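J.: Could you have a look at this structure, given as structure tokens, before my questions?
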Amino acid sequence: ALSEQLRADVTTLFGKMDLNGNGRVTKAEAHKLFSKNAFAKSSVDAMFNEVAVAEGEEITLDDWLAFWRQVKQSGYTDKEISEEVQCMLEGEAWVDWKDRRSVG
1 ALSEQLRADV TTLFGKMDLN GNGRVTKAEA HKLFSKNAFA KSSVDAMFNE VAVAEGEEIT
61 LDDWLAFWRQ VKQSGYTDKE ISEEVQCMLE GEAWVDWKDR RSVG
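In the UniProt record's numbering, the protein residues as written are 1 to 104.
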């Protein structure tokens, strides 16, 4: 399970991407977060390949939280995840987590 603080951190990141506040993040919305990064398109594609449950164009908050729970179950600490989430909040590239999901 995610700690209360880590859940708040990843929910903040989701909220920053969910520009219209409808509870779903599209690739276009996510691209805006990563737009300062030279690897914006590849970051968004990698994120959707890892997080999206369906072959869709949207990520729900439930998908998002489930993804982070499995990252933690793969051996990452709250601190490690939180540090990367903070970097992404600042527009840095998506990380290829060493977990059970693939960016490809």
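Using N, Cα and C, we set each Cβ at its ideal position, and we do this for glycine too. Treat the numbers as computed from the prediction; the structure is a model and nothing was measured.
Using alpha carbons as the reference points, say which of 93, 66 and 24 lies closest to residue 7.
T.: Of the candidates 93, 66 and 24, the one whose C-alpha sits nearest the C-alpha of residue 7 is 66.
J.: To the nearest whole angstrom, what separates the beta carbons of residue 9 and residue 74, a pair I think is in contact under 8 angstroms?
T.: That belief does not hold up - the Cβ atoms of residue 9 and residue 74 are roughly 17 angstroms apart, past 8 angstroms.
J.: Could you give the C-beta distance for residue 2 and residue 16, rounded to a whole number, given that I count them as a contact under 8 angstroms?
T.: About 18 angstroms; that fails the 8 angstroms criterion.
J.: I'd like to know whether the C-beta atoms of residue 23 and residue 61 end up nearer to each other than 8 angstroms.
T.: Closer than 8 angstroms, so yes.
J.: If I follow the unbroken alpha helix (DSSP H) through residue 69, where does it start and stop?
T.: From DSSP, the alpha helix (DSSP H) with residue 69 extends over 61-73.
J.: Determine the DSSP secondary structure at residue 7, reduced to helix, strand or coil.
T.: Reduced to three states, the DSSP call for residue 7 is helix.
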